[in-house]
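Letter 121 of the sequence shown, counting from 1, is numbered 121 in this note's numbering, and no numbers are missing.
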Amino acid sequence: MSELAVVTGASSGIGREYARRLAAHGADLIAVGRRRERLDELADEFPNIRVHSVVADLSTPAGIQDVIHAVGSQPVTLLVNNAGVAHYKPFIDLPEEQAAELVGVKVLAPTLLTRAIAPGMVARGAGQIVNVAGMIAFSGPATLEQVGLRRAVYAASLAYTLTLSQTLHAELSPEGVTVQALLPGVVATEFHERQGMDLSAVPRMSAADVVTASLRGLELGETVTAPGVEQADLLQAVFSADLTAFGAQSPELASRYRS
Numbered sequence: 001m002s003e004l005a006v007v008t009g010a011s012s013g014i015g016r017e018y019a020r021r022l023a024a025h026g027a028d029l030i031a032v033g034r035r036r037e038r039l040d041e042l043a044d045e046f047p048n049i050r051v052h053s054v055v056a057d058l059s060t061p062a063g064i065q066d067v068i069h070a071v072g073s074q075p076v077t078l079l080v081n082n083a084g085v086a087h088y089k090p091f092i093d094l095p096e097e098q099a100a101e102l103v104g105v106k107v108l109a110p111t112l113l114t115r116a117i118a119p120g121m122v123a124r125g126a127g128q129i130v131n132v133a134g135m136i137a138f139s140g141p142a143t144l145e146q147v148g149l150r151r152a153v154y155a156a157s158l159a160y161t162l163t164l165s166q167t168l169h170a171e172l173s174p175e176g177v178t179v180q181a182l183l184p185g186v187v188a189t190e191f192h193e194r195q196g197m198d199l200s201a202v203p204r205m206s207a208a209d210v211v212t213a214s215l216r217g218l219e220l221g222e223t224v225t226a227p228g229v230e231q232a233d234l235l236q237a238v239f240s241a242d243l244t245a246f247g248a249q250s251p252e253l254a255s256r257y258r259s
């Protein structure tokens with residue numbers, strides 16, 4: 001039986017590179033995106049691969065259900081939750097509809113797509129889930145001077161993706177299902193240009209390198225893959241500190257809060 005991969009945001013950037021890489025290795029695809037012509041180009045590029053194109057807006061419940069319906073009961077071997085939108089704006093200036101779109105694409109869609117597909121993986125005792133976030137997931141403690149951009153909702157959505165991936169891996173890995181959080185830095189794609197940002201002068205990683213890191217990270221058994229971080233022990237130090245703080249809680253009120 002051939003492998004079947006579901007890739008969201010497959011019409012450009014990391015998602016398109018992921019789809020092309022998987023198709024080149026013989027995997028059938030359910031390719032999800034907003035631009036029909038881009039998805040058709042992908043299907044034309046791999047005539048010997050079954051490519052089911054799904055045009056869907058994952059910021060909407062209807063779009064999410066379109067993808068779930070397209071998958072149906074098919075045995076998915078790999079789910080790549082890659083679709084993204086940024087809307088970098090100060091929180092109080094972020095229009096309600098853009099905030100809802102961001103949370104829909106980066107929080108609700110990956111959650112519901114994973115919820116629809118993971119049970120089949122567990123039943124078969126095998127499967128891989130990649131949730132694409134970004135290094136901005138670690139930027140919560142940063143001052144505005146350190147990050148330079150106001151993007152509270154975007155950063156929070158990536159932090160959700162990171163935590164979801166880690167906790168879900170702990171839950172599903174005993175059942176044979178691997179979950180990876182993929183955390184690239186700045187990538188040379190259309191992503192920022194669509195937000196009206198010119199980052200052409202900024203050093204950026206290629207989408208191809210990001211996908212290479214993800215696939216190798218799966219082979220290495222990484223739950224968190226950060227393509228641009230050379231010292232992997234830095235990541236482990238962050239997670240160890242998280243667990244230290246988590247384990248240090250007590251039912252007694254901390255002394256600094258006592259009058």
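Glycine is no exception: its CB is placed at the ideal position from the N, C-alpha and C atoms.
Where the alpha helix (DSSP H) through residue i begins and ends
{"i": "THR268", "result": "For the chain, the structure presents residues 1 to 259; residue 268 sits outside this window and is missing."}
{"i": "GLN98", "result": "96-103"}
Which of helix, strand or coil DSSP assigns to residue i
{"i": "VAL229", "result": "coil"}
{"i": "ASP93", "result": "helix"}
{"i": "ILE129", "result": "strand"}
{"i": "LEU22", "result": "helix"}
{"i": "SER53", "result": "strand"}
{"i": "ARG123", "result": "Reading off the sequence, residue 123 comes out as Ala, not Arg. It is helical."}
{"i": "THR111", "result": "helix"}
{"i": "GLY13", "result": "helix"}
{"i": "ALA86", "result": "coil"}
{"i": "LEU39", "result": "helix"}
{"i": "THR8", "result": "strand"}
Between the CA atoms of residue j and residue i - distance to the nearest angstrom
{"i": "PHE85", "j": "LYS106", "result": "Correcting the residue type first, residue 85 is Val in the shown sequence and not Phe. Cα to Cα, VAL85 sits roughly 8 Å from LYS106."}
{"i": "GLY217", "j": "PHE91", "result": "34 Å"}
{"i": "THR111", "j": "TYR160", "result": "10 Å"}
{"i": "SER331", "j": "ARG35", "result": "The chain is shown from 1 up to 259; residue 331 falls before or after that span and cannot be answered."}
{"i": "TYR257", "j": "THR143", "result": "25 Å"}
{"i": "PRO75", "j": "GLY140", "result": "37 Å"}
{"i": "GLY125", "j": "GLY176", "result": "5 Å"}
{"i": "VAL71", "j": "SER240", "result": "37 Å"}
{"i": "GLN180", "j": "SER206", "result": "19 Å"}
Start-to-end residues for the beta strand (DSSP E) that takes in residue i
{"i": "LEU29", "result": "28-33"}
{"i": "LEU253", "result": "LEU253 -> no beta strand (DSSP E), and no H or E assigned at all."}
Quiz item: Counting Cβ pairs closer than 8 Å, one from the region 88-102 and one from the region 151-167, do we hit at least three?
Solution: yes
Quiz item: Do the region 39-56 and the region 236-252 meet, that is, are 3 or more Cβ pairs less than 8 Å apart?
Solution: no
Quiz prompt | Start-end ranges of the alpha helix (DSSP H) lying completely within the region 135-189, minimum 4 residues | solution = 144-147, 152-172
Quiz prompt | At least 3 beta-carbon pairs within less than 8 Å: the region 50-61 vs the region 117-134 | solution = no
Exercise. Output the residue ranges of the alpha helix (DSSP H) runs that lie fully inside the region 55-82 and measure 4 residues or longer, sorted by chain position.
Key: 61-71
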